[in-house]
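Chains as they are written, first to last, in my numbering: chain L, 1 to 67; chain Y, 68 to 319.
From the three backbone atoms N, C-alpha and C, an ideal C-beta is built for every residue, glycine too.
Reviewing the structure listed below.
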Amino acid sequence: MSHVLGLGIAALGVGIGLGLIGYGALTGMSRQPEAIGKLQTPMLIALAFVELVFLLTVFVAPGSFIK
Amino acid sequence: MGEGLLSTTIASAKGGHTLSFLGLAVYFVLVLLIILATMAYARKGLDKRIFYNPITQCYEQLYLFIENMCVGIIGPHGRKYMPMILTFWLVIFLGNVVALFMPTSPTADLSFNLAMALVSIGYVQFEGIRTHGFWGHLRHFAGPSFGPGAFGFVLAIFISPVIFTIEVISEIMKNVSLSLRLFGNISGGHEAVLAMDKLGGEWVPIGAFLMPIKLLTCVVQALIFTLLTCVYISLVTQHEHDHGHHETEAAH
Numbered sequence: 001m002s003h004v005l006g007l008g009i010a011a012l013g014v015g016i017g018l019g020l021i022g023y024g025a026l027t028g029m030s031r032q033p034e035a036i037g038k039l040q041t042p043m044l045i046a047l048a049f050v051e052l053v054f055l056l057t058v059f060v061a062p063g064s065f066i067k
Numbered sequence: 068m069g070e071g072l073l074s075t076t077i078a079s080a081k082g083g084h085t086l087s088f089l090g091l092a093v094y095f096v097l098v099l100l101i102i103l104a105t106m107a108y109a110r111k112g113l114d115k116r117i118f119y120n121p122i123t124q125c126y127e128q129l130y131l132f133i134e135n136m137c138v139g140i141i142g143p144h145g146r147k148y149m150p151m152i153l154t155f156w157l158v159i160f161l162g163n164v165v166a167l168f169m170p171t172s173p174t175a176d177l178s179f180n181l182a183m184a185l186v187s188i189g190y191v192q193f194e195g196i197r198t199h200g201f202w203g204h205l206r207h208f209a210g211p212s213f214g215p216g217a218f219g220f221v222l223a224i225f226i227s228p229v230i231f232t233i234e235v236i237s238e239i240m241k242n243v244s245l246s247l248r249l250f251g252n253i254s255g256g257h258e259a260v261l262a263m264d265k266l267g268g269e270w271v272p273i274g275a276f277l278m279p280i281k282l283l284t285c286v287v288q289a290l291i292f293t294l295l296t297c298v299y300i301s302l303v304t305q306h307e308h309d310h311g312h313h314e315t316e317a318a319h
């Protein structure tokens, strides 16, 4: 049961991270609408890297509790 | 024949979206056939002044989009890498989208994604070697060059091997991260649809409501794969350019 709880905690952290990325990108975009094209690419890259953390958790975690 | 082929392509009944090797080949040939057929159709009407063919217009917009991305990330010489980047986008996007119409997709298989990531990273190494030469590319791994003198020499002897090892490891981990990201997103989408289907019992396919989100995931994942390939290419090919720029500035 605690393994599933760990996955939930990982999802919580990644959710906070994704929200922060969206917050930062939206703030920047609303301040400078002409910079939207420049902001979207780094936003997507950061999004991919944060998402990878959760995916690694999902794929590494089952291996740790199969004995 | 089609029913038998379809049932042999799916390896395990549990979950129902795991592919056997033959199944992966069948799905990949399907994706290639879609790409080649639409491209052959898009060639019609190229001699006109305005392209009335909708498929041609779609490909034109796609080309402009990817070209914008390449030039924006890699720099002015980014147009050189367009064929590979556009091929990656098409194969991954269609490989994802096939899952909206068929039981599964080739990109939900880790072996296919690892192959794509190996091709991508291998292409990055190839471009690095083509730009800098073999030893120049290896030197790029070894980090910055330290200053002249005894202190710089000692630093180079002790720190450069460490940086070299870390860079090689990170280069290998790029394969893992590229393939795992694509596999996790696409396969996770299928799992989510199956889990939602269980909610509706026997007859109500609630998982079908996830299809728009899956379409969004398809586009974003194809975009991220090509975007990261662009970033890796720019990391490998940009260095010499900046260096030369500074040298010419110093010469002036």
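Check: Do you know whose CA, among L:F49, L:A25 and L:F54, lies nearest L:K38's CA?
Finding: L:A25
Check: Where does Y:Q288 land, buried or exposed, given buried means 16+ other C-beta within 10 angstroms?
Finding: buried
Note to self: Just list the residues that DSSP pairs Y:L100 with in beta bridges.
What the structure shows: None, per the DSSP bridge assignment.
Check: Residues of chain Y with a CB under 8 Å from the CB of L:A48: which are they?
Finding: R248, I291, L294 and L295
Check: Would you call Y:L283 buried or exposed, if buried means 16 or more other Cβ atoms sit within 10 Å of its Cβ?
Finding: exposed
Next item on the list: Kindly indicate which residue of Y:V260, Y:G112 and Y:T232 has the alpha-carbon position closest to the one of Y:A275.
Entry: Y:V260
Next item on the list: Output yes or no for whether 8 Å exceeds the beta carbon distance between L:T41 and Y:I140.
Entry: yes
Notebook entry, point to check: Which chain L residues sit within Cβ distance under 7 Å of Y:S244?
Noted result: L52
Margin query: Using C-beta distances below 8 Å, list every residue in its chain close to Y:C297, excluding the 5 sequence neighbours before and after it, in chain order.
Written below: M136, C137, I140, I141, G145, Y148 and I152
Next item on the list: Mind the definition here: the segment 101-113 of chain Y touches the segment 174-184 of chain Y only if three or more C-beta pairs lie below 8 Å; say whether that holds.
Entry: Fewer than three Cβ pairs drawn from the segment 101-113 of chain Y and the segment 174-184 of chain Y lie within less than 8 Å of each other, which leaves the two stretches out of contact.
Next item on the list: Would you verify that the beta carbon of Y:V300 is, or is not, closer than 8 Å to some beta carbon of chain L?
Entry: According to the sequence displayed, residue 300 of chain Y carries Ile and not Val. So, not an interface residue.
Next item on the list: Find the residues of chain Y that neighbour L:L44, judging by a C-beta separation of less than 8 Å, and give them in chain order.
Entry: V287, L290, I291 and L294
Notebook entry, point to check: Name the residues in the segment 139-166 of chain Y whose C-beta lies less than 9 Å from a C-beta of chain L; which are they?
Noted result: G139 and I140
Check: Using a Cβ-Cβ distance under 8 Å, would L:L55 count as near chain Y?
Finding: yes
Notebook entry, point to check: Taking the runs of the alpha helix (DSSP H) that are 4 residues or longer, which of them lie wholly in the segment 106-164 of chain Y?
Noted result: 121-141 and 149-164
Check: Any idea if Y:T293 is buried or exposed, counting beta-carbon neighbours within 10 angstroms, 16 or more meaning buried?
Finding: Label assigned to Y:T293: buried.
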